[in-house]
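Below: the structure, in structure tokens.
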Amino acid sequence: MLEGGATSRWHARLTLGLLLAPALLWLGALIILPHAELAVLSFRERIAPRHYAPSLAQYKTFFMEPLYWHVFVHTAVMSVIATFMTLLLAFPIAWVIAKLARGRAGSLLFIVCLIPFWVSETVRTLGWMILLRESGVLPALLVKLHVTAMPVELLYHDATIFVGLVYSSLLFMIVPLVSSLESLDNSLIEAAYDMGAGGFAILRTIVIPHAAPGITAGCIVVFMLTLGNYLTPTLLGGKNSQWFTEQIYAQFITRFNWEQGAAFGFLLLGLSTALVVLGLRLSGQRFGDVMRRT
Amino acid sequence: MSTADLVASAVVKRFASHTAVDSLSFSVERGSFFSILGPSGCGKTTLLRMIAGFLAPDSGDIAIGGNSMAGVAPNRRPVNMVFQQLALFPMMNVGENVAYGLARRGVKRAERMRRSAAMLERVGLSGAALKRVDELSGGQRQRVAIARSMVLEPTLLLLDEPLGALDLKLREHMKIELKQLQAAFGTTFVYITHDQSEALVLSDHVGVMNQGRFEQLGTPQDLYYRPLTPFVASFVGANNRIVGRCTARHAQIAEIATADGWIIHAWVHGTVGVGDAVEAFVRPEIATLARAAADLPADQPRHGGEVQSVLFDGANSAVLLQETKTRREFRISLPQTGLFSDLKPRDCIAFGFDPARAACYPARAGSAGQDA
């Protein structure tokens with residue numbers, strides 16, 4: 002009997018282990034191992050060909066060089082603004098899907114939001130370039146409507162990067178917002194309305210507090226995607242877009258300075274972690290609660 | 027008649043082809059407890075939502091406290107509502123819930139907290155202000171929902187079946203509590219329910235609603251003892267329903283024969299001629315039981331039956347008989363004296379009732395021939 006119990010417990014453990022194996026492998030081989038390697042890389046310095054010594058030189062370079070600093074802060078600020086803009090745009094859409102559209106109309110709207118993601122990100126971004134470049138569709142339209150005398154270059158501005166970033170992250174904001182707004186009981190809204198609240202007061206006192214975990218979850222996902230985005234800032238912002246991922250790319254690929262690139266990678270990881278923690282603190286949310294909502 | 031807090035005049039609401047509220051007019055006196063009683067789908071929720079302002083009537087007018095409410099939004103009406111699922115705000119504590127409406131009116135924080143604490147004390151929840159809503163029991167939540175509305179001193183408090191979600195024991199308790207709260211506040215309550223016992227216990231006046239209209243509007247006693255229509259007779263209180271034809275009239279008493287040949291007598295309401303299809307109703311408590319037919323009052327028609335089952339329920343105990351000739355089911359309340367406590371299935375027994383207390387109506391369209 003005793004032996005039987007032990008065997009079945011061992012079986013249960015084996016089952017659990019096998020079920021977790023793919024996830025653990027994925028986590029270990031694709032996330033922990035490369036990061037460990039990058040960490041080692043970032044904390045060494047080449048003193049002679051094929052000779053390396055442990056050092057903090059890579060991080061020192063970052064803090065001493067104003068250009069790197071500037072790009073770092075610029076990326077962070079732009080990502081925060083892009084996340085906020087995505088939230089402002091996604092909220093009304095999520096509200097319509099969750100509360101106003103009934104049955105099929107709601108799922109149809111959801112699919113409309115999803116359709117652009119059937120096309121690869123590169124192609125989507127190139128589509129924006131076709132629309133916005135000097136000889137493109139939108140500048141030509143502006144000339145035709147006599148808004149501008151000459152076609153204007155709409156690419157390579159910060160605003161252009163925002164358009165691309167917001168466009169590519171909208172869905173990741175809409176999904177958690179819809180699920181958190183759907184769970185909001187309509188009678189709470191009616192009760193607030195009944196007790197004298199107007200539209201804005203209902204939004205502020207009922208809807209936003211209820212949707213807070215969904216809002217935070219969406220913001221975290223969108224912020225991380227934006228901060229780590231390489232394609233959109235490079236294609237729409239051009240060479241002067243000053244996105245931090247471009248600096249990492251340049252160190253690894255152009256300069257062959259893997260040590261510097263690894264250090265930058267860790268700095269970006271630190272930045273996103275710090276900003277997410279700050280965001281959670283400011284909104285009074287807990288990470289676990291937020292992740293359960295997504 | 028004293029001042030009316032709520033006056034509805036010819037209110038109509040249609041949804042597509044279905045008329046939910048059909049040209050309804052009534053008024054509710056200040057300080058009274060008014061119930062709208064009806065089965066689900068009768069239009070009572072639609073009516074309540076029109077009073078609250080969430081729906082606009084297609085025609086007709088609703089006046090509250092003497093002012094027409096046409097075009098007035100819910101947040102500007104002197105009306106508050108206790109929702110079916112209460113709709114307490116889970117993101118706020120109890121005190122903030124009660125103070126919510128005051129905050130929307132721009133009452134200062136300290137004053138708001140003072141008034142919400144005073145209101146919580148009035149409903150017996152002093153000291154609960156800092157609790158979370160989900161820490162309260164069902165009955166306490168009920169009281170918070172009422173306090174949250176009453177703190178705004180509305181002209182009219184609307185209650186949308188607020189006891190529906192509670193279990194039976196708590197419901198009985200909250201019924202009494204609601205009546206006491208209403209008496210203490212003196213506010214006009216408009217209460218909707220499908221539970222006839224809630225309506226009878228709580229109300230000063232009840233409107234029995236069916237298919238968008240009031241079948242009868244009156245005191246609970248009126249509805250119970252003097253129902254005007256067969257719908258009210260069958261919906262309010264327990265009743266034996268007997269369908270048949272009028273075979274003779276002796277002044278207001280009709281002689282009624284069922285299709286299978288049982289003859290009973292009942293008081294006529296409305297116009298019933300000999301040969302007309304009728305519905306008769308006999309309340310279980312007006313019938314008297316006797317071991318032998320000779321023991322029944324001499325002036326009452328006598329019937330016989332066989333006990334089918336004894337339904338023991340304390341003070342509400344009854345016996346289910348089968349009438350000897352037709353095997354029709356007939357329910358009779360057992361007397362409180364315990365006189366018939368030894369009845370067993372298949373016992374034969376005599377019964378009779380005063381025809382003047384049984385009611386007979388012209389049969390409703392489409393209901394003839396069906397038995398309840």
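Chains A and B, in that order, give the protein sequences.
Per this note's numbering, residue 2 is the first one in the first sequence, and the count goes up by one each step.
Per this note's numbering, residue 27 is the first one in the second sequence, and the count goes up by one each step.
Don't be surprised by glycine CBs; every beta carbon is placed ideally from N, CA and C.
For A:Asp186, go through chain B and note every residue whose CB falls closer than 8 Å to its CB, in chain order.
Gln111, Ala113
Residues of the stretch 89–108 of chain A with Cβ closer than 9 Å to any Cβ of chain B, in chain order:
none
Can you name the residues of chain A whose CB is closer than 7 Å to the CB of B:Met3?
With chain B covering 27 to 398 only, the question about residue 3 of chain B has no answer from this structure.
Out of B:Leu114, B:Pro371, B:Thr363, B:Arg390, point me to the one whose CA is closest to A:Thr206's CA.
B:Leu114
The stretch 54–62 of chain A contacting the stretch 255–263 of chain A, beta-carbon criterion three pairs below 8 Å:
yes
Indicate whether at least one CB of chain A lies closer than 8 Å to the CB of B:Pro100.
yes
Could you tell me whether the stretch 328–344 of chain B touches the stretch 373–380 of chain B, using the rule of 3 or more Cβ pairs below 8 Å?
yes
List, in chain order, every chain A residue whose beta-carbon is nearer than 8 Å to that of B:Leu178.
Met196, Gly197
Could you pull the start and end residues of the alpha helix (DSSP H) that A:Cys301 belongs to?
Outside the displayed range of chain A (2 to 295) lies residue 301 of chain A, so it cannot be described from this structure.
From B:Met27 to B:Gly244, what distance separates their C-alpha atoms?
Reliability of the predicted coordinates at B:Met27 is poor, the pLDDT of 44 falling under 50, and the value obtained from them is presented with this limitation in mind. In a straight line, the C-alpha of B:Met27 is about 14 Å away from that of B:Gly244.
What I want to know is whether the C-beta of B:Leu146 ends up closer than 7 Å to one or more non-hydrogen atoms of the ligand HEM.
No copy of the ligand HEM occurs in the structure displayed, which carries no ligand at all.
Give a yes or no on contact between the stretch 81–91 of chain A and the stretch 222–234 of chain A, applying the rule of three or more CB pairs nearer than 8 Å.
yes
What are the complete beta strand (DSSP E) segments, minimum 3 residues, inside the stretch 264–344 of chain B?
266–276, 279–283, 289–294, 303–308, 313–316, 328–337
Should A:Ile203 be labelled buried (16 or more other beta-carbon atoms within 10 Å of its own) or exposed?
buried
Scan the stretch 168–203 of chain B and note each continuous alpha helix (DSSP H) run of 4 residues or more that stays entirely inside, going in chain order.
none
Runs of alpha helix (DSSP H) wholly within the stretch 222–256 of chain A (minimum 4 residues, chain order):
232–238, 245–250
Taking just the CA atoms, how far does A:Val41 sit from A:Leu115?
40 Å
Per the DSSP calculation, B:Lys39 is bridged to which residue(s)?
B:Val47
Close beta carbons around B:Gly233, own chain, < 8 Å, minus the five adjacent residues each side
Phe52, Phe60, Ser61, Ile62, Leu63, Phe240, Gln242, Leu243
Specify the secondary structure class of A:Pro55 as computed by DSSP and reduced to three states.
strand
Could you spell out the range, first to last residue, of the beta strand (DSSP E) harbouring A:Ile48?
45–49
Okay, do the stretch 122–131 of chain B and the stretch 174–192 of chain B touch, 3+ Cβ pairs below 8 Å being the bar?
yes
Using 8 Å as the limit for Cβ to Cβ distance, is A:Ile207 near chain B?
yes
Pair every Cβ in the stretch 227–240 of chain A with every Cβ in the stretch 88–101 of chain A, then say whether three or more of these pairs are closer than 8 Å.
no
Contact list for B:Arg271 against chain A, beta-carbon separation under 7 Å
In chain order: nothing, as chain A lies at least about 50 Å away.
Quick one: what's got a C-beta closer than 8 Å to B:Val298's C-beta in the same chain, skipping five residues either side?
Cys272, Arg275, Ala280, Val304, Cys386, Tyr387, Pro388
Hey, which unbroken runs of the alpha helix (DSSP H) at 4 residues or more fall wholly within the stretch 61–141 of chain B?
70–78, 120–130
Is there a C-beta anywhere in chain A that falls below 8 Å from the one on B:Met117?
yes
For A:Gln286, is the classification buried or exposed, using 16 other Cβ atoms within 10 angstroms of its Cβ as the cut-off for buried?
buried
Can you tell me whether A:Lys145 is buried or exposed? The criterion is at least 16 other CB atoms within 10 Å of its CB, across all chains shown.
exposed
Establish whether the CB of B:Gly127 and some CB of chain A are separated by less than 8 Å.
yes
For the stretch 75–100 of chain B, which residues have a beta carbon sitting closer than 7 Å to at least one beta carbon of chain E?
Within the model displayed, chain E is absent; protein chains A and B are what it includes.
Coarse secondary structure for A:Asn258, derived from DSSP in three states
coil
The stretch 64–84 of chain B in contact with the stretch 179–187 of chain B per 3-pair CB rule at 8 Å
yes
Whole-angstrom C-beta distance between A:Ala91 and A:Gly219, which should lie under 8 Å:
7 Å
Per DSSP, what are the beta-bridge partners of B:Pro388 in this structure?
B:Val304
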